[in-house]
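Protein chains in written order, with my numbering: chain X, 47 to 377; chain F, 3 to 129.
A virtual CB, placed ideally from N, CA and C, is assigned to each residue, including glycine.
Notes follow the structure.
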Amino acid sequence: MTTENGPQVGVTLYSFTNEWLTRQFELDTLMAEVARRGMGPNIEIIGFQSFREFPDVSDNFAAQFKDLVAQTGLNPVSCAINSDRFLKPGQQPIDDAALVEYHKRQLRSAKKMGFSLVRYQFALPVHLLPEIAPYAEEIGIRMGVEVHAPMWAGHPAVQAYGEMYEKLDTPVLGWIPDFGGTASRIPESMLNAARKAGADESLLDKLKEVWLEDGMSHEKAGRLREWALENGHAPAHIQAASLAFFILSNHDPKSWEALVDRTIHIHGKFYGVDDNGVEEAIDYETILPLFRDGGFDGTLVSEWEGHAYDTRDAFNQVERHQKMCRRIFAA
Amino acid sequence: MLPVERIIGEEGLRVANGELILACRLPWYRSLPFSTVEFAEVSIDGEAFDLADAQVEFDGKRWPLSENGEKVDTFWFVRDSAFLVLPGRALAVGSEHEVALTLYVNPPYIPGMRRHNVQAETLCVAA
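Right, here's the structure in full:
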């Protein structure tokens, strides 16, 4: 059980991507289902996944959303926004002024709908933070940059952001750790999905070996691809096996300790929790106490990403994950 | 097929005013600007369709496919189908055809990523 002042456990609607894309729920029925199952009250929503009007939400829709929040008793903590710089494939990214304005539009919409923070991305060049942070201060919303695989606390981009955070010294800027950056192994369910797609065991053995090596994700993916083509594996099987490089990396779970102080929200990334309450790939028993004991009192949202390769019931997975996180936070 | 791999929309294929209209889904977890999506190939019964005069229809608006790359501020809501309008090809209502669609997605926050998506379905032409 979480305490009133300790870490809270909630859910991101991203966990239900399969149910959403297959139109099993509308936004109101999905939020009602989350509330009915007691998965909130704290929730995260990806603006560009769930809101038709994003990035410019009208007053009318914002009012409807607030009514929905009141009816369901949910608390819209985090709105995930995006740093879309490459709007024309193969051409130059949009200019800085346009990118700053793009962030402001999303910040305005999130604030208008009642979110208390936004998740933003490292695709925003660090030198633009001094232009955006004052706007977030002015309208009263916090911004957490998502530290997502292949990044981790020791990554140079994280360090550059950390230096800028020190310089700007404002409470509106913080971190959102995503635990995929410190996976201990590739989830067996992901390997099983590749097996089901026809990947040979020798390809998966090589994947496990290369995944543990040093290097950037795309370099490692290239290394596996080269080996696999030389050894007669089909491109489709290589693609299925390569997913692991882009959503998971193998850094020290204890490394999160360096970011605890400025952590404002957490993505509890996971792939599957077994009957004993253990996650397949990520060492929650090591990671969560760092935040619990470090005084984190924000929300960890359960973020099931198994939907990227699997059609298991997401609600069941989230229930298992939340139970595991509450147990560890309460220990 | 995973939900995120689906590119032929639930609404399928229909004919109206001499145009074929094919429903398409965005194979990504979130909405994207149309400029980042390439409708690359359509074939019907194994024959490639010339897309030179094709149009895109979404949310009550239409534009030439040739201008799709300029639509940087028109977002394809991930839950909704967009429609590819294919002029000049008459198919009988109720007839069945093998339709194949190829689409590329370039997520605008991941430089260099170009995802290749293909789907083929037997569709019955609706009115």
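Can residue i and residue j be called in contact, C-beta distance under 8 Å?
i: L253/X; j: A287/X; result: yes
i: S33/F; j: V101/F; result: no
i: K134/X; j: S37/F; result: yes
i: R131/X; j: P110/F; result: yes
i: M77/X; j: K112/X; result: no
i: T367/X; j: G314/X; result: It is worth fixing the name first, because residue 367/X is His in this sequence and not Thr. Cβ atoms of H367/X and G314/X: closer than 8 Å.
i: G226/X; j: I293/X; result: yes
i: I23/F; j: V87/F; result: yes
i: S348/X; j: V324/X; result: no
i: S162/X; j: F100/X; result: no
i: M189/X; j: A182/X; result: yes
i: P31/F; j: V58/F; result: Per the sequence shown, the amino acid found at residue 31/F is Tyr instead of Pro. Cβ distance not < 8 Å, so Y31/F and V58/F don't count as in contact.
i: I89/X; j: P53/X; result: no
i: T228/X; j: I333/X; result: yes
i: T76/F; j: E98/F; result: no
i: I328/X; j: F316/X; result: yes
i: A360/X; j: F94/X; result: no
i: L250/X; j: A240/X; result: yes
i: P378/X; j: S235/X; result: Nothing can be reported for residue 378/X: it is not among the residues displayed for chain X, which extend from 47 to 377.
i: W221/X; j: V172/X; result: no
i: L305/X; j: V193/X; result: yes
i: C26/F; j: G48/F; result: no
i: A129/F; j: V95/F; result: yes
i: E13/F; j: T104/F; result: no
i: D224/X; j: L174/X; result: no
i: V39/F; j: V107/F; result: yes
i: L346/X; j: V55/X; result: yes
i: I393/X; j: L219/X; result: Nothing can be reported for residue 393/X, as the shown portion of chain X is limited to 47 through 377.
Taking the DSSP output, what are the residues bridged to residue i?
i: C125/X; result: I91/X and V164/X
i: R373/X; result: DSSP, once it has assigned bridges, lists no residue as partnering R373/X.
i: A229/X; result: I328/X
i: R64/F; result: E59/F
i: V101/F; result: I46/F and E123/F
i: T345/X; result: Q54/X
i: A25/F; result: F85/F
i: W350/X; result: F316/X
i: F41/F; result: L105/F
Where does residue i sit, in a helix, a strand or coil, going by DSSP?
i: Y106/F; result: strand
i: T58/X; result: strand
i: T48/X; result: Reliability of the predicted coordinates at T48/X is poor, the pLDDT of 45 falling under 50, and the value obtained from them is presented with this limitation in mind. Coil at T48/X, not helix or strand.
i: F79/F; result: coil
i: Q57/F; result: strand
i: G14/F; result: strand
i: L336/X; result: helix
i: R117/F; result: strand
i: W30/F; result: coil
i: E72/F; result: helix
i: P35/F; result: strand
i: A274/X; result: helix
i: A128/F; result: strand
i: R366/X; result: helix
i: H279/X; result: coil
i: R238/X; result: The sequence shown places Asn at residue 238/X, not Arg. Reduced to three states, the DSSP call for N238/X is helix.
i: G261/X; result: coil
i: P5/F; result: helix
i: A78/X; result: helix
i: S104/X; result: coil
i: E255/X; result: helix
i: L73/X; result: helix
Please tell me whether, using a cut-off of 7 Å, the distance from the CB of residue i to the nearest non-hydrogen atom of the ligand SAH is below it.
i: V87/F; result: Absence of the ligand SAH is noted for the structure shown, with no ligands found whatsoever.
Does chain A have any CB closer than 8 Å to the CB of residue i?
i: A206/X; result: No chain A appears in this structure, whose protein chains are X and F.
Which runs of the alpha helix (DSSP H) at least 4 residues long sit entirely within the region 154–224 of chain X? Give them in chain order.
List check, alpha helix (DSSP H) in window: 175–185 and 202–214.
So if I threshold CB-CB distances at 7 Å, which residues from the region 264–276 of chain X count as touching chain F?
Those residues of the region 264–276 of chain X that come within reach of chain F (Cβ to Cβ, closer than 7 Å) do not exist; the list is empty.
Note down, in chain order, all residues in the region 298–318 of chain X with a beta-carbon under 8 Å from any beta-carbon belonging to chain F.
Answer in chain order: no residues at all.
What residues from the region 3–22 of chain F come within 7 Å of chain X, judged by C-beta to C-beta, listed N to C?
Hits within the stretch, in order: L4, P5 and V6.
Using Cβ-Cβ distances below 7 Å, what residues of the region 58–73 of chain F are close to chain X?
Within the region 58–73 of chain F, the residues whose Cβ lies closer than 7 Å to some Cβ of chain X are G71, listed in chain order.
Contact residues within the region 126–141 of chain X, judged by C-beta distance below 7 Å to chain F:
Taken in chain order, the members of the region 126–141 of chain X whose beta-carbon sits within less than 7 Å of a beta-carbon on chain F are N128, S129, D130, R131, F132, L133, K134 and P135.
At what residue ranges does the region 130–154 of chain X contain a whole run of the beta strand (DSSP E), taking only runs of 3 or more?
DSSP runs (the beta strand (DSSP E)) wholly in the region 130–154 of chain X: none.
Whole beta strand (DSSP E) elements within the region 295–322 of chain X, 3-residue minimum:
Counting whole runs of 3 or more residues, the region 295–322 of chain X contains the beta strand (DSSP E) stretches 312–316.
Relative to chain F, which residues along the region 65–77 of chain X have a C-beta separation below 8 Å, given in chain order?
Answer in chain order: W66, L67, T68 and R69.
Which residues, in chain order, does the region 75–88 of chain F contribute to contact with chain X at a C-beta distance below 9 Å?
For chain X, the residues of the region 75–88 of chain F that bring a beta carbon within less than 9 Å of one of its beta carbons are D75, F77, F79, V80, R81 and D82, in chain order.
Mind listing which residues of the region 22–38 of chain F have their C-beta closer than 7 Å to chain X's C-betas, in chain order?
Flagged, chain order: Y31, R32, S33, P35, S37 and T38.
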